[in-house]
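J.: The opening position of the sequence shown corresponds to residue 12 in the working numbering, with each subsequent residue numbered one higher.
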Amino acid sequence: MTTEIDRNLMKAIREPIETALAAVAAKFEIEIKLGKGTYYEGDNGKFNLELNAISEAGVVQTKEASAYKSNAGVKWSDLEAFDPDWLFKEFKYARETFKLVGFKTRARKNNMLIHRVNTDTQHVAPSKDVLRALEKQYGVFKTPETGGLIETAFPGS
């Protein structure tokens, strides 16, 4: 019987919990992430848990991806100039290939969540830089009131 919850117990219990959550995730076809764990005064502790739906295409729907879908192309939003279809599209930025994976609503400056394809890591970038890179590759997006997508991508890019 465990009488004290400490750092070592939290580390030891993490793996069995993740194994059990993997079975639950497979059963319900969702992604389950076990987050940060904390313990208090030796007698209790907790782990954060994140649940994400998986689309029919097999893409995990994170809160950042949902925020991008909700705000892209909407007049007066932070992402008014962004095409909603640019989510999960690859683009060249800083001589690397990235994929746009979401929008961080609480960030003021580096609010675009991007995924570096060759190293499989996630990063943040300013929205104006990501917009410039996407427009260079896919064309300038105009809201439906002004006529949809205008093809201005450079040939061969």
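We treat Cβ as the ideally placed atom computed from N, Cα and C, and that holds for glycine.
Scan the stretch 105–153 and note each continuous beta strand (DSSP E) run of 3 residues or more that stays entirely inside, going in chain order.
T.: Runs found: 107–114, 123–127 and 132–136.
J.: So, for residue 98: in the same chain, excluding its five sequence neighbours on each side, which residues have a beta-carbon less than 8 Å away from its beta-carbon?
T.: Hits under 8 Å: 76, 79, 80, 83, 111, 112 and 113.
J.: Using a 10 Å radius around the Cβ and a threshold of 16 neighbouring Cβ atoms, would you call residue 39 buried or exposed?
T.: Residue 39 is exposed by the Cβ-count criterion.
J.: Does the Cβ-Cβ distance between residue 71 and residue 107 come in under 8 Å?
T.: Contact flag unset, no.
J.: What are the boundary residues of the alpha helix (DSSP H) that residue 32 is part of?
T.: Where residue 32 is concerned, the enclosing alpha helix (DSSP H) stretches over 18–39.
J.: Taking the beta carbon of residue 145 as the centre, do at least 16 other beta carbons fall within 10 Å, making it buried, or is it exposed?
T.: It counts as buried.
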